[in-house]
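The structure appears below as structure tokens.
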Amino acid sequence: QQPQEPPAVKGLSLATKVRRTMSSRVHEAVKAIALCHNVTPVYESNGVTDQAEAERHYEDSCRVYQASSPDEVALVQWTESVGLTLVGRDQSSVQLRSPGGHILNFTILQIFPFTYESKRMGIIVRDESTGEITFYMKGADVVMAGIVQYNDWLEEECGNMAREGLRVLVVAKKSLTEEQYQDFEARYVQAKLSVHDRSLKVATVIESLEMEMELLCLTGVEDQLQADVRPTLETLRNAGIKVWMLTGDKLETATCTAKNAHLVTRTQDIHIFRLVTNRGEAHLELNAFRRKHDCALVISGDSLEVCLKYYEYEFMELACQCPAVVCCRCAPTQKAQIVRLLQERTGKLTCAVGDGGNDVSMIQEADCGVGVEGKEGKQASLAADFSITQFKHLGRLLMVHGRNSYKRSAALSQFVIHRSLCISTMQAVFSSVFYFASVPLYQGFLIIGYSTIYTMFPVFSLVLDKDVKSEVAMLYPELYKDLLKGRPLSYKTFLIWVLISIYQGSIIMYGALLLFESEFVHIVAISFTSLILTELLMVALTIQTWHWLMIVAELLSLSCYIASLVFLHEFIDVYFIATLSFLWKVTVITLVSCLPLYVLKYLRRRFSPPSYSKLTS
Numbered sequence: 001q002q003p004q005e006p007p008a009v010k011g012l013s014l015a016t017k018v019r020r021t022m023s024s025r026v027h028e029a030v031k032a033i034a035l036c037h038n039v040t041p042v043y044e045s046n047g048v049t050d051q052a053e054a055e056r057h058y059e060d061s062c063r064v065y066q067a068s069s070p071d072e073v074a075l076v077q078w079t080e081s082v083g084l085t086l087v088g089r090d091q092s093s094v095q096l097r098s099p100g101g102h103i104l105n106f107t108i109l110q111i112f113p114f115t116y117e118s119k120r121m122g123i124i125v126r127d128e129s130t131g132e133i134t135f136y137m138k139g140a141d142v143v144m145a146g147i148v149q150y151n152d153w154l155e156e157e158c159g160n161m162a163r164e165g166l167r168v169l170v171v172a173k174k175s176l177t178e179e180q181y182q183d184f185e186a187r188y189v190q191a192k193l194s195v196h197d198r199s200l201k202v203a204t205v206i207e208s209l210e211m212e213m214e215l216l217c218l219t220g221v222e223d224q225l226q227a228d229v230r231p232t233l234e235t236l237r238n239a240g241i242k243v244w245m246l247t248g249d250k251l252e253t254a255t256c257t258a259k260n261a262h263l264v265t266r267t268q269d270i271h272i273f274r275l276v277t278n279r280g281e282a283h284l285e286l287n288a289f290r291r292k293h294d295c296a297l298v299i300s301g302d303s304l305e306v307c308l309k310y311y312e313y314e315f316m317e318l319a320c321q322c323p324a325v326v327c328c329r330c331a332p333t334q335k336a337q338i339v340r341l342l343q344e345r346t347g348k349l350t351c352a353v354g355d356g357g358n359d360v361s362m363i364q365e366a367d368c369g370v371g372v373e374g375k376e377g378k379q380a381s382l383a384a385d386f387s388i389t390q391f392k393h394l395g396r397l398l399m400v401h402g403r404n405s406y407k408r409s410a411a412l413s414q415f416v417i418h419r420s421l422c423i424s425t426m427q428a429v430f431s432s433v434f435y436f437a438s439v440p441l442y443q444g445f446l447i448i449g450y451s452t453i454y455t456m457f458p459v460f461s462l463v464l465d466k467d468v469k470s471e472v473a474m475l476y477p478e479l480y481k482d483l484l485k486g487r488p489l490s491y492k493t494f495l496i497w498v499l500i501s502i503y504q505g506s507i508i509m510y511g512a513l514l515l516f517e518s519e520f521v522h523i524v525a526i527s528f529t530s531l532i533l534t535e536l537l538m539v540a541l542t543i544q545t546w547h548w549l550m551i552v553a554e555l556l557s558l559s560c561y562i563a564s565l566v567f568l569h570e571f572i573d574v575y576f577i578a579t580l581s582f583l584w585k586v587t588v589i590t591l592v593s594c595l596p597l598y599v600l601k602y603l604r605r606r607f608s609p610p611s612y613s614k615l616t617s
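Residue 109 in UniProt numbering sits at position 109 of the sequence shown, with consecutive numbering throughout.
Next comes the structure, spelled out in structure tokens:
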């Protein structure tokens, strides 16, 4: 504060008065931002929280801000940067430090926390030095526009900040006399003690204060996801994945974010769905939107609710044809509703990605939920199927890990079916040859060992297989499009594996019956050894890229079978398997069962190579 001096000129006096009025308004705005929040400063020394020591010294180097929202922390950090620092807070008081080092003490009389329904929060404090009682409030511009006194710049400035991609908050205050506050407190306590309609009565009492408040300032906070979302969305678009953005931001902010993140490309038009309130308006707006092609859609939550109420099928049909959809002013329940409708109407799999507590319902509703663990907290991360620390990791999660997981699961599941169906075919052929007698082909340890130590390691080593390197999968997201067609796991591939199983089982069994010697035990030795070798060779045929563990698994299984022959003398003639006759018969049967498949695979790769082989050659 400058000392008051007698002005020499009347104009100079007026200019000084205007400057001081502006200075006081800026001071009030900064003080409001520093007081109206739920942030608590915590002081840590050598990793141990020491609040008592903090109350004595308020050391800046040891202070850490804790809050439920990163936006709150960002605002308090800004007030610290301009000189008004939050140094202490408990349930009943707040301490601020001015640029001159003085501690300003405020008593917290009431707190009205933020809710998704009210979209605002408030606090009533008493200045200990002057005794003044002030009600501070901040909230979304849509709500605060009807609470603050009329002015001609609020709507325009909110639009300007939203077009820059900022989340806008309106900050206001109202001075209360002691009598006004005592009257409010009595009514507030009475409302909280009500048995019936308590929430409604409490809200009504609070709203009685929220009238003709003085507008102080607007604040804008940038969303942390905007920084690294652009390259990831490019990757998803090239992979053939459609992206919908569901946000609680206002229309201008959501549109700006969609443009900055390249969710909407430069060549695409944007159709902003006009605000509709009834069936007729919704019908007219849908007809206007139907006439546009290759156009991104931006729609508010209120209009979306009206459209889904009267024209759910028509709206979803049109929206699913859009290259991108942005839904702004969406409540958490609406986000979950949109995900559920996409699943029901399109039959497609949905993946919901969010980073805040308001995204939890959407994440849990989707087929696959991904939570981004960041400044918004860990609520989304804990509720999701997968947790990532940065949005850009979503590209690798889908293009590399997701693609490999799908292809490996398809190969493994079909190979397990082939393994079981092959031995079942052999039993069926054996029983039919011997007049359908109920005689098992393999008994005891043979049938158990076949499903465990003899074939388990190679079959499950298929989970290490990959067709292209991770770098190539990220560089060419178009490879992901093949998965959208469902070709690795379909009725066609299942029937092919069934035919292969029947062919190989029949060849092995009939070959063993044709070439066996005078004793039944020779049939068992020839067919079982051929079966084991066939399975090992089929694993090798299925593998795209060899891993050293795959080679170990193949050799280990073969070694286990050869070593166990010493103990299986009651099922297999040990002396017979050491003869040349046994070796050539097993070799012939194995070649007849596997060689045609190897030839077909070579011809297919030669004349109709898959898309990934062109990138690896």
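The beta carbon of each residue, even a glycine, is placed where N, CA and C say it ideally should be.
The DSSP-derived three-state label of ASP90 is coil. Along the length of the region 155-182, whole beta strand (DSSP E) runs at least 3 residues long occupy 166-176, reported in chain order. DSSP, read as helix, strand or coil, puts SER129 in coil.
Counting of Cβ neighbours within 10 angstroms places LYS378 among the exposed residues, the total staying below 16.
For GLY83, the number of other beta carbons within 10 angstroms of its own is below 16, and it is reported as exposed. According to the DSSP assignment, LEU297 belongs to the beta strand (DSSP E) that extends over 295-300. With respect to the 8 angstroms criterion, LEU209 and VAL170 are not classified as neighbours on the basis of their beta carbons. Taking C-beta atoms as the reference points, ALA162 and CYS256 count as a pair closer than 8 angstroms. Within the same chain, and ignoring the five residues on either side of PHE106 in sequence, the residues whose Cβ sits closer than 8 angstroms to its Cβ are LEU35, SER93, VAL94, GLN95, LEU96, VAL125, ARG126, ASP127, GLU128.
Residue burial is scored here from C-beta neighbours: PHE607 has fewer than 16 other C-beta atoms within 10 angstroms and is therefore classed as exposed. Annotated three-state conformation of ILE124 is strand, per DSSP. Within the region 427-507, the complete alpha helix (DSSP H) segments of 4 residues or longer fall at 445-451, 456-460, 470-475, 481-484, listed in chain order.
Cβ contact annotation for PHE114 (same chain, cutoff 6 angstroms, sequence separation greater than five): MET121, in chain order. In this structure, SER303 and VAL264 do not form a Cβ contact; the two beta carbons are roughly 18 angstroms apart against a cut-off of 8 angstroms. DSSP places VAL221 in the uninterrupted beta strand (DSSP E) bounded by 214-222. Considering only VAL64, GLN427, GLN443, the residue with the shortest C-alpha distance to PHE436 is GLN427.
The continuous stretches of alpha helix (DSSP H) do not include TRP546, and DSSP gives it neither H nor E.
Taking C-beta separations shorter than 6 angstroms and ignoring five residues to either side along the sequence, the partners of ALA191 in its chain run LYS201, VAL202, VAL205, following chain order.
Annotation for LYS481: ALA239, GLY240 place their beta carbon closer than 8 angstroms to its own, counting only its chain and skipping 5 residues before and after. Checking the DSSP bridge columns, you'll see VAL64 partnered with VAL42. Per DSSP, reduced to three states, the secondary structure at ASP197 is coil, with no helix or strand assignment. Taking a cut-off of 8 angstroms for Cβ pairs, the region 532-540 and the region 449-457 touch, as three or more such pairs fall below it.
A straight line joining the alpha-carbon of THR389 with that of GLY357 spans about 16 angstroms. In the same chain as ASP359, and ignoring 5 residues on each side of it, the C-beta atoms closer than 6 angstroms to its own belong to ALA380, in chain order. ILE103 carries a strand assignment under DSSP once its states are collapsed to helix, strand and coil.
Within the region 369-408, the beta strand (DSSP E) runs of at least 3 residues that lie entirely inside it are, in chain order, 386-388. Shown here, GLN110 sits in a strand according to DSSP, grouped into three states.
Excluding the 5 residues flanking it on each side, VAL73 has same chain C-beta neighbours closer than 7 angstroms at VAL39, TYR65, ALA67, in chain order.
The three-state secondary structure of TYR510, taken from DSSP, is helix.
Contiguous alpha helix (DSSP H) elements confined to the region 534-604 occur at 548-564, 574-577, taking only those with 4 or more residues.
Per the coordinates, the alpha-carbon of PHE315 lies some 11 angstroms from the alpha-carbon of ILE338.
If you check the CB distance, CYS307 and ASP269 do not come in under 8 angstroms. ALA411 and LYS466 have their C-alpha atoms roughly 11 angstroms apart. Annotated as distal: MET213 and VAL298, with beta-carbon spacing of 8 angstroms or more. ASP90 counts as exposed, since fewer than 16 other beta carbons sit within 10 angstroms of its beta carbon. Its Cα nearest to that of TYR598, the residue ALA540 stands out among ALA540, THR579, ALA578.
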